[in-house]
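Engineer:
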Amino acid sequence: MTETPQQWTLAVAFDRTVHYTRARAVLRTGDGDEFSGVGLAHSAAEGRGLTHVAGYLAAGRALCDLSQELLEAVVIDVDAEMNQLSATVPASRTAADHHPDALRA
Numbered sequence: 068m069t070e071t072p073q074q075w076t077l078a079v080a081f082d083r084t085v086h087y088t089r090a091r092a093v094l095r096t097g098d099g100d101e102f103s104g105v106g107l108a109h110s111a112a113e114g115r116g117l118t119h120v121a122g123y124l125a126a127g128r129a130l131c132d133l134s135q136e137l138l139e140a141v142v143i144d145v146d147a148e149m150n151q152l153s154a155t156v157p158a159s160r161t162a163a164d165h166h167p168d169a170l171r172a
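Per the numbering used here, residue 68 is the first one in the sequence shown, and the count goes up by one each step.
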């Protein structure tokens with residue numbers, strides 16, 4: 068059986084002012100979920116012929132923020148799944164159940 072590969076899209080949009088560059092990164096999954104991140108950078112470097120630096124920095128920060136949001140979603144989903152599993156698993160056994168020698172003590 069061959070699965071159809073999922074395609075995710077990532078878009079980064081910029082808002083530039085005299086003082087700062089703001090980037091917003093949006094990740095859309097094949098399932099329709101959306102994650103976003105925001106990054107800011109001062110535009111002071113632009114006066115020194117480094118116009119691209121503020122954009123790179125803002126984009127990098129936005130992607131870091133997006134990554135953190137994505138990882139937090141994973142933690143929430145895994146925790147929710149583990150809570151469901153623990154509700155269906157019988158209570159844990161005692162140490163004696165795992166180590167027969169413990170009964171001889």
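No residue lacks a Cβ here, since even glycine has one placed at the ideal position from N, Cα and C.
Keep in mind the model is a prediction, meaning the values are calculated, not measured.
With distances taken between CB atoms, is the gap from Leu133 to Ser103 smaller than 8 Å?
Structural biologist: yes
Engineer: Rounded to a whole number of angstroms, what is the C-alpha to C-alpha distance between Gln74 and Ala80?
Structural biologist: 20 Å
Engineer: Pop quiz: Ala90 and Gly106 are said to be a contact at Cβ under 8 Å. What is the actual Cβ separation, rounded to whole angstroms?
Structural biologist: With a contact defined as Cβ atoms closer than 8 Å, Ala90 and Gly106 qualify at about 5 Å.
Engineer: Grouping DSSP H, G and I as helix and E and B as strand, with all else coil, what is Asp146?
Structural biologist: Under the three-state reduction of DSSP output, Asp146 falls in the helix class.
Engineer: What does a CB cutoff of less than 7 Å around Tyr87 pick up in its chain, not counting 5 residues either side in sequence?
Structural biologist: Leu107, Ala108, His109 and Ser110
Engineer: Can you say whether Ala121 is buried or exposed, counting buried as having 16 or more other CB atoms within 10 angstroms of its CB?
Structural biologist: So Ala121 counts as buried.
Engineer: Here's a check: name, in chain order, each residue in its chain whose Cβ is nearer than 6 Å to the Cβ of Ala78, leaving out the five neighbours to either side.
Structural biologist: Val93
Engineer: Could you give the residue range of the beta strand (DSSP E) that holds His109?
Structural biologist: Glu101 to His109
Engineer: How many whole angstroms separate the CB atoms of Thr76 and Arg95, which I take to be in contact at a CB cut-off of 8 Å?
Structural biologist: 5 Å
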